[in-house]
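Note that the UniProt record's numbering has the first sequence beginning at 1, numbered continuously upward.
Glycine included, each C-beta is placed from N, C-alpha and C at the ideal position.
For clarity, every value in this text was computed on a predicted model and none was experimentally measured.
The block underneath contains the structure these notes are about, expressed in structure tokens.
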Amino acid sequence: MKPDFTRRLLQWNKNSNTRVMPWKGEKDPYKIWLSEIILQQTRVEQGWSYYEKFIAAFPTILHLARANEEKVFKMWEGLGYYSRCKNLIATARKIAGEYNGIFPSTYEEIEALPGIGPYTAAAISSFAFNLPHAVLDGNVQRIIARYFGNSTPIDTTAGRKLYQSLAQSLLPCDEPGIYNQAIMDFGAVICKPQNPLCSTCVQQKECEAFRQNVVSQLPVKQKAIVKKERWLYYFIVEYKGKWYIKQRTAKDIWENLFEFVLFESTAAVEDITLKMPFLKKLVNGQAVHIESISRMYRQQLTHQTIHGRFVKIVAGEALPSLNGYLLVDKKQLSKYAFPRFITTYLGEPAPPAQLF
DNA sequence: AACACGGGGAG
DNA sequence: CTCCCAGTGTT
């Protein structure tokens with residue numbers, strides 16, 4: 001016999017769940033997979049248009065596998081966590097090459113694919129293949145911690161193991177796909193992080209957190225967020241109407257995205273002139289002038305605050321110090337994926353040239 | 001086990 | 001501001 005929780009959840013889903021999303025009820029494992037990768041640590045509203053854009057451009061996994069890598073990154077631009085995009089391409093090509101374009105249909109094979117962990121493997125295998133694997137995402141962790149009144153931190157190995165086990169025990173093995181979708185909808189619509197709708201919740205009577213009036217204190221997280229501050233000074237060097245850009249390769253934020261000539265500092269740089277050592281070395285006595293210096297930009301990320309300015313520099317001759325850079329026409333710039341920090345600057349009207 | 005990885009919306 | 005989102009990979 002199913003636990004009361006499960007029975008009530010399925011009943012709520014049938015009678016009251018009005019949530020609609022483009023991938024809901026989807027049976028094509030490719031489309032399910034794509035939606036799940038897009039939605040990792042990403043709100044549904046944010047990922048929605050990206051999903052539709054990807055499906056339109058790449059109707060099947062073979063379309064994606066054959067796609068130009070830079071084009072895929074360009075389509076991912078702005079969504080964040082760019083390793084997802086790299087792994088998306090890798091998995092598409094792996095399935096094209098090793099699986100003849102047919103998405104694997106066992107949990108173990110799916111979980112072995114790049115960018116797919118326990119959550120995504122459970123989601124795909126239950127939605128597409130009706131396999132009995134319980135999803136454990138932020139929604140499910142929150143619901144279970146509250147329902148059982150459990151204060152074990154969710155961001156620990158022990159916590160994940162505990163909640164995964166509880167989630168699995170609540171799963172109805174005859175309809176795991178429907179249930180997995182329902183519990184995530186329930187978490188998003190009813191058992192929300194803030195201001196959950198306890199007054200209309202079908203689980204209220206048996207919810208331990210509600211009974212003890214500790215709903216707002218659950219789930220518990222152990223790790224506090226540590227923040228870093230960084231100052232990025234981007235020099236946009238123009239030569240014959242073209243700009244120098246380079247792909248980021250370091251194991252750092254924005255890996256694989258493009259950027260301009262970067263000087264990074266752990267503190268603000270007060271005077272930006274041709275005399276500053278970084279520029280002096282860059283220019284090496286050649287004919288250049290500073291055309292404009294932008295306002296201070298600031299971007300708040302989860303784990304770091306980025307500050308910085310953009311400095312337009314016009315060069316009268318090519319700069320040998322920039323070997324390894326691409327020199328691309330301004331009109332071709334939109335083919336490359338840039339971090340939001342840079343596209344924000346590029347999207348603002350250019351300031352009038354000043355004299356420095 | 002701890003840390004790194006984006007961006008945006010809500011409060 | 002802080003929190004958190006359909007988490008995963010690396011060290």
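Let me check one thing: in DSSP terms, what residues is residue i bridge-paired to?
i      : result
ILE133 : According to the sequence provided, residue 133 is His. The question's Ile does not apply to it. In DSSP, HIS133 forms no bridge with anything.
GLY92  : As written in the sequence, residue 92 is Ala, which differs from the Gly given in the question. Answer is none; ALA92 lacks a bridge partner.
GLY308 : LEU232, TYR297
LYS242 : TYR239, ASP329
GLN247 : PHE258
Can you tell me which of the three DSSP states residue i falls into?
i      : result
LEU326 : strand
ARG7   : helix
LEU262 : strand
GLU69  : helix
LYS74  : helix
SER321 : helix
GLN286 : coil
ALA315 : strand
SER126 : helix
GLU111 : helix
GLU291 : strand
How many Å lie between residue i and residue j at the Cα?
i           : j      : result
SER265      : PHE278 : 11 Å
MET1        : ASP174 : Reliability of the predicted coordinates at MET1 is poor, the pLDDT of 49 falling under 50, and the value obtained from them is presented with this limitation in mind. Using only the alpha carbons, I get a separation of about 12 Å.
PHE186      : LYS251 : 37 Å
TYR147      : TYR233 : 49 Å
residue 360 : ALA121 : Outside the shown range of the chain, which is 1 to 356, sits residue 360, and nothing can be said about it.
THR152      : ARG142 : 11 Å
LEU9        : ILE38  : 26 Å
PRO29       : ASN130 : 11 Å
Looking at C-alpha atoms only, which residue of the options is the closest neighbour of residue i?
i      : options                        : result
LYS182 : GLY159, GLY308, VAL140         : In the sequence on display, residue 182 carries Ala and not Lys. It is VAL140 whose Cα lies nearest to the Cα of ALA182.
LEU319 : VAL311, LYS280, HIS303, ARG340 : LYS280
GLU291 : VAL237, TYR297, LEU10          : VAL237
LEU274 : GLN299, PHE235, LYS192, LYS24  : PHE235
TYR82  : VAL328, ILE293, THR249         : THR249
ALA96  : ASN284, LYS86, GLY78, ILE61    : ILE61
What does the Cβ neighbour count give for residue i, buried or exposed, with the cut at 16 atoms within 10 Å?
i      : result
VAL215 : buried
VAL20  : exposed
LEU197 : exposed
LEU346 : exposed
GLN222 : exposed
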